[in-house]
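Working notes, beginning with the structure itself.
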Ligand SMILES: *Cc1c(COP(=O)(O)O)cnc(C)c1O
């Protein structure tokens, strides 16, 4: 029997580790870019499971492929080959311009692997070449190494000692990065577009200059595209938009359209740092997850799919700029590209209320770092969906502005 929302809240609050500041709805099912809660209330979704549900909900080809694969083989050990995994790896290698892929189960795990292989590679050049430079305001995950890589001290409080060898620079400040680098730098690790930290895009030539500094000091460039990759920027890999290539790129979130997966992809030179036995995973890249990833990898990179992302983005960003013009006392800046857009509020005390009121009126949006409304919807949204969400947001902002 289906329980009421109250019953689910109570059961969950008694049994689940209380680490999430949850909104009080119980989601039940979805279709396209809409979600329904267990009271039958409908929401237009501009969070997309945090940039995960790139093909929306109940997308036929994805659901069918998962069901077909589940009937054949959900899991087997990585001690054996499977075609879904070989297919997914081959597609990622082809799309990335890099040489070898490894599958994990999450973003944090993908970044752990990237950090580990970068250290191992650097160690083979010089045992003291171990410094990893990341950016303030970044987000790389919640495991001990990745929260150390994350340049937001509040994620690191109370869990030390943290792994050594991480330093931080301001994103988009090339001079500071140069002052921090030396031939002891193993890697520079950046989000191609900062997501969790408030939607910050790289300034014009920043990433090209970062690439040049990495080449100068023999450091690897690790790009974390866990949020910005998989078509979200309007290019399949966001680095394609900025005209550079990393030595390592990490993916997760949207890669399998909602089935847990992570990946890191490396150049052949970096790949050589790992010998058989140096890394592994029980679940990572299992046939179920890879079957789902193959649907995403056959769909999102298509020129017409990416063109759609870019078209909706132009419409959406302009509409956000119009909203800023209408509510200059509430919206300070509109940022972002593709379908990773942000509207920074002028105050940090209204974000959660705005999100809650939008939810009450049938729109799911997100607020990150307390004051940036972040829009990372399914990539299949249309201009009409944008209108539906923004009509609700407009009404909520009008209530606050009054
Ligand atoms: C979400 C995210 C991660 C962590 O992914 P998990 O799957 O939650 O471990 C890492 N980096 C970036 C840029 C992310 O957005």
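In my numbering, the protein residues as written are 244 to 645.
Beta carbons are placed, not taken as given, at the ideal position from N, Cα and C, and that holds for glycine.
What are the boundary residues of the alpha helix (DSSP H) that residue 368 is part of?
-> On the chain shown, residue 368 is found 125 positions in, with the first residue counted as 1. It spans 350 to 368 - the alpha helix (DSSP H) in which residue 368 sits, taken as one unbroken run.
Below 8 Å CB to CB, which residues in the same chain sit around residue 594 once its five sequence neighbours on both sides are set aside?
-> Here residue 594 refers to the residue found at position 351 of the chain shown. Contacts found: 588, 610, 613, 614, 615, 616.
Residue 432 bridges to which residues according to DSSP?
-> Residue 432 sits at position 189 when you count from the first residue of the chain shown. DSSP, once it has assigned bridges, lists 465 as partnering residue 432.
Report yes or no: do three or more beta-carbon pairs, one from the stretch 467 to 476 and one from the stretch 312 to 328, lie closer than 8 Å?
-> no
Does the beta carbon of residue 312 fall short of 7 Å from some heavy atom of ligand 3?
-> Ligands in the displayed structure: ligand 1; ligand 3 is not one of them.
For residue 601, I'd like the list of residues in its chain whose CB is within less than 7 Å of its CB, leaving aside the five on either flank, ordered along the chain.
-> As a first step, residue 601 must be located in the chain shown, where it is residue number 358. Counting only Cβ-Cβ distances below 7 Å, and skipping sequence neighbours, we find 608, 635, 636, 639.
Exposed unless 16 or more other CB atoms sit within 10 angstroms - verdict on residue 245 | If you number the chain shown from 1, residue 245 lands on position 2. Under this definition residue 245 is an exposed residue.
Closest Cα partner of residue 573 within the set 563, 564, 558, 590 | If you number the chain shown from 1, residue 573 lands on position 330. Of 563, 564, 558, 590, the residue nearest in Cα terms is 590.
Start-end ranges of the alpha helix (DSSP H) lying completely within the stretch 540 to 622, minimum 4 residues | 546 to 569, 594 to 603
Secondary structure of residue 374, DSSP reduced to three states | Stepping through the chain shown from its first residue, residue 374 is reached at position 131. DSSP places residue 374 in strand when its eight states are reduced to three.
Going by other Cβ atoms of all chains shown within 10 Å of its Cβ, with 16 needed for buried, is residue 565 buried or exposed?
-> Here residue 565 refers to the residue found at position 322 of the chain shown. So residue 565 ends up on the exposed side.
Between the stretch 354 to 369 and the stretch 484 to 499, do at least 3 Cβ pairs fall closer than 8 Å?
-> yes
Since residue 299 and residue 350 are thought to touch, with beta carbons under 8 Å apart, how far apart are those beta carbons, to the nearest angstrom?
-> Stepping through the chain shown from its first residue, residue 299 is reached at position 56. Stepping through the chain shown from its first residue, residue 350 is reached at position 107. That pair is no contact at about 21 Å.
Nearest candidate by alpha-carbon position, reference residue 381, set 374, 391, 582 = The residue given as residue 381 occupies position 138 in the chain shown. With distances taken between Cα atoms, residue 381 lies closest to 391.
Based on the DSSP output, what are the partners of residue 660 in its beta bridges?
-> Not covered by the structure: residue 660. The range shown for the chain is 244 to 645.
Answer yes or no: the CB of residue 504 versus the heavy atoms of ligand 1, is any distance below 7 Å?
-> On the chain shown, position 261 is the one that residue 504 refers to. Result no, Cβ not under 7 Å from ligand 1.
Which ranges would you report for the beta strand (DSSP E) in the stretch 273 to 302 if only whole runs of at least 3 residues count?
-> 277 to 280, 285 to 288
Relative to the alpha-carbon of residue 644, which residue among 618, 622, 447, 596 has its alpha-carbon at the smallest distance?
-> For the purposes of this step, residue 644 is taken as the residue at position 401 of the chain shown. The shortest C-alpha separation from residue 644 is found at 596.
Which term fits residue 619, buried or exposed, when burial requires 16 or more other beta carbons within 10 angstroms of its beta carbon?
-> The residue you call residue 619 lines up with position 376 of the chain shown. Classification for residue 619: buried.
With residue 417 as the anchor, note down where its alpha helix (DSSP H) starts and where it stops.
-> On the chain shown, residue 417 is found 174 positions in, with the first residue counted as 1. From DSSP, the alpha helix (DSSP H) with residue 417 extends over 417 to 423.
Pick from 507, 265, 310 that is closest to residue 538, judged by C-alpha positions = Stepping through the chain shown from its first residue, residue 538 is reached at position 295. Cα-wise, what sits closest to residue 538 is 310.
Residue 275 versus 254, 531, 297, 268, residue with shortest Cα-Cα distance | The residue labelled residue 275 in the question sits at position 32 within the chain shown. When each option's Cα is compared against that of residue 275, the closest is 297.
beta-carbon residue 447 near ligand 1 non-hydrogen atom, thresh 7 Å | Locating residue 447 in the chain shown gives position 204, counting from the first residue. No, Cβ of residue 447 sits at least 7 Å from all heavy atoms of ligand 1.
How would you label residue 397, buried or exposed, when you count the other beta carbons within 10 angstroms and need 16 or more for buried?
-> For this step, residue 397 is matched to residue 154 along the chain shown. By the neighbour-count rule (16 or more Cβ atoms within 10 Å), residue 397 is not buried but exposed.
With respect to 7 Å, is the separation between the Cβ of residue 618 and the closest non-hydrogen atom of ligand 1 below this value?
-> As a position in the chain shown, residue 618 is number 375, starting the count at 1. Residue 618: no, Cβ never under 7 Å from ligand 1.
Spatially closest choice to residue 406 from 413, 419, 420, 374, by CA coordinates | Mapped onto the chain shown, residue 406 falls at position 163. It is 374.
Measure the C-alpha to C-alpha separation of residue 370 and residue 410 and round it to an integer number of angstroms.
-> In the chain shown, counting from the first residue as 1, residue 370 sits at position 127. In the chain shown, counting from the first residue as 1, residue 410 sits at position 167. Rounded to whole angstroms, residue 370 to residue 410 spans 18 Å at the Cα level.
Chain B beta carbons: is any one of them nearer than 8 Å to that of residue 335?
-> Note that chain B does not occur in the displayed structure, where there is just one protein chain.
Taking three-plus beta-carbon pairs below 8 Å as touching, is the stretch 503 to 511 in contact with the stretch 337 to 346?
-> yes
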